[in-house]
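Visitor:
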Amino acid sequence: MKLNIVFLSFLIITLAGCKKHPANISPTCTCCKECVEISIPDLPTINYSSVQLKYPVFNPNNENEILFFYSDLSNNINQIIIEDIVAKSTRVILNDFEIITQPTWNNNDWILLNKKKANYQHEIWKVKSNGDSLTLLSSGGTNLYPAWVNNNSIIYSFSQYAAFPYFIINKNLISGFSDTICNCNGKYLTVSNNNLIASADISSFNVLVSNITSSLNFQNYTNNPFTSDLIIRNICWHPNGNEIYYIRNNGIYKMNILVKNEILIYNSCNSRRYNSISISPSGNKIVAEKVEGYLLNNLLYNDSKIVFIDTSGCNELEYVFINKR
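Under the numbering used here, the residues of the sequence shown are numbered 11 to 335, in order.
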C-alpha cells in the first residue's frame, strides 16, 4: 500500500557570531560511486512505501546492537526497536512512540528519545534499553536534538514557538535545574567522549565546535560556499573525540578537528541520500539511514532503510531487518 504524505520543510536554524577556522574540502573520494539525480517538481508531495527504518544508533557498549525507529505506515505501527545484528534477535522496547530526531544512548544504558507531537510541541524522554523507566524530561515548547553530556545531564535545542530564536539548554537530571547556555540557534547537537559539543550553522552550512561550559563559545571549523549541496543534515562524533562525521546534501563527510581537513568519504544525490549516522564503539563502522528516492507513475517516493558503511566510506551493506527476512 502506498501512502501520500505532504513533505514540509521547517526549522531553518542559524548560528551566529562564530570564529572562522577554514577547512579544505578533499577533491577526491575513493569510495564514491555513480549517483543519478532524478528530475522532480518543486515542493513535491513525498510518497512512502509501507515500512520505513529510521534514525539508527549503535549501543555504545555493544556494537552488535542497534536501535532504530520502525514505522509501518500501512498499519499505523510506530515502534522503538533494538536488534542484535549478530544473534539476529529483536525486541520492541516501546510501542506507539513516534520520534522525530535520532536517539542517543549512553554508557549507563539510558536512551534519549525525541517524541514527535502535534503543533511542533516535541518532547524529550529517557528510557532504559529494556523499555523500563520511561520518563518525560521536557515540558512545553519545541524540544529537539537531545544529547547526553554525561550520565546525569543532557543538552537540547529549545524554541518556545518552533521558530526563531532557538536556544541550547543544559538540564541536570538529578537536580532538575535547567540553564540556557547559548542563544545561538543550534541544530544537530552531538557531544564527544571528552565533552566537546558539535553543531551545525545552518546560515553558512558550517560545522561548529565548543567546549561544554556555562556559556558556549562555538568556533567555525569549515569555510564553505553557501550552496544547497552543503546543507548539513546530521552530525556525530567518532569515539576518538578528534573526528566529526556529518551529512551534507551531497554526501557523508568526516573532519579531524586537530587539522581541520574536511573530507568527502561517500557521495549522495536525490536518488540516494543519508539522514542519520552513528559510529560504532570500535570506530570502524557507520550505521546510517539511507533514503532512496525514485519516481513511480510520475510520483516521487522516498524509502528509508538501514545500511552499514566502513568509516572510510567504502563497502556499503544494506541491513535486512529481521521481520522482513
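Cβ coordinates follow ideal geometry from the N, Cα and C atoms, glycine included.
Decide if serine 209 is buried, meaning its Cβ has at least 16 other Cβ atoms within 10 Å, or exposed.
Guide: buried
Visitor: Just to check my reading of the structure: lysine 197 and serine 220 have Cβ atoms closer than 8 Å, yes? What is that Cβ distance to the nearest angstrom?
Guide: Not really, about 14 Å apart at Cβ, beyond 8 Å.
Visitor: Can you tell me whether leucine 309 is buried or exposed? The criterion is at least 16 other CB atoms within 10 Å of its CB, across all chains shown.
Guide: By the neighbour-count rule (16 or more Cβ atoms within 10 Å), leucine 309 is not buried but exposed.
Visitor: Beta-carbon separation of glutamate 299 and proline 66 under 7 Å?
Guide: yes
Visitor: What does the alpha-carbon distance come out to for the pair serine 290 and proline 113?
Guide: Rounded to the nearest whole angstrom, the C-alpha separation of serine 290 and proline 113 is 14 Å.
Visitor: Taking all protein chains shown into account, decide if serine 19 is buried (16 or more other Cβ within 10 angstroms of its Cβ) or exposed.
Guide: Bear in mind that a pLDDT of 35 at serine 19, under 50, signals an unreliable position, so the model cannot answer this.
Visitor: Which residues in the same chain as aspartate 313 place their Cβ atom closer than 6 Å to its Cβ, once the five residues preceding and following it in sequence are excluded?
Guide: Ser59 and Glu302
Visitor: Look at the alpha carbon of proline 230 and the alpha carbon of aspartate 211, and state the distance between them as a whole number of angstroms.
Guide: A quick correction: the sequence has asparagine, not proline, at residue 230. Going by the C-alpha atoms only, they are around 8 Å apart.
Visitor: Assuming valine 102 and isoleucine 91 are in contact, meaning their beta carbons sit under 8 Å apart, how far apart are those beta carbons, in whole angstroms?
Guide: Confirmed, about 6 Å.
Visitor: Distance check for asparagine 216 and lysine 138, CA to CA, integer angstroms please.
Guide: Straight-line Cα distance between these residues: approximately 34 Å.
Visitor: Where DSSP assigns a beta bridge to cysteine 279, which residues make up the other side?
Guide: Partner(s): Arg282.
Visitor: Check the C-beta distance from tyrosine 263 over to isoleucine 319 and give it rounded, since I have them as a contact under 8 Å.
Guide: With a Cβ gap of about 13 Å, tyrosine 263 and isoleucine 319 do not count as contacting.
Visitor: Within a Cβ cutoff of 7 Å, which residues of the same chain sit near threonine 190, ignoring the five residues on either side of it in sequence?
Guide: Cβ neighbours of threonine 190 beyond the five flanking positions: Phe177 and Ile179.
Visitor: Roughly how far, in whole angstroms, is the beta-carbon of leucine 104 from the beta-carbon of tryptophan 158, given that I think they are within contact range, below 8 Å?
Guide: Not quite, the Cβ-Cβ distance comes to about 18 Å (not below 8 Å), so this is no contact.
Visitor: Can you list, in chain order, the residues of its chain whose CB lies under 8 Å from that of asparagine 74, leaving out five sequence neighbours each side?
Guide: Answer for asparagine 74: Asp94, Ile95, Val96 and Ala97, listed in chain order.
Visitor: Could you say which of Cys194, Glu253 and Asn227 lies nearest to serine 202 if we only look at CA atoms?
Guide: Closest in C-alpha terms to serine 202, from the list Cys194, Glu253 and Asn227, comes Glu253.
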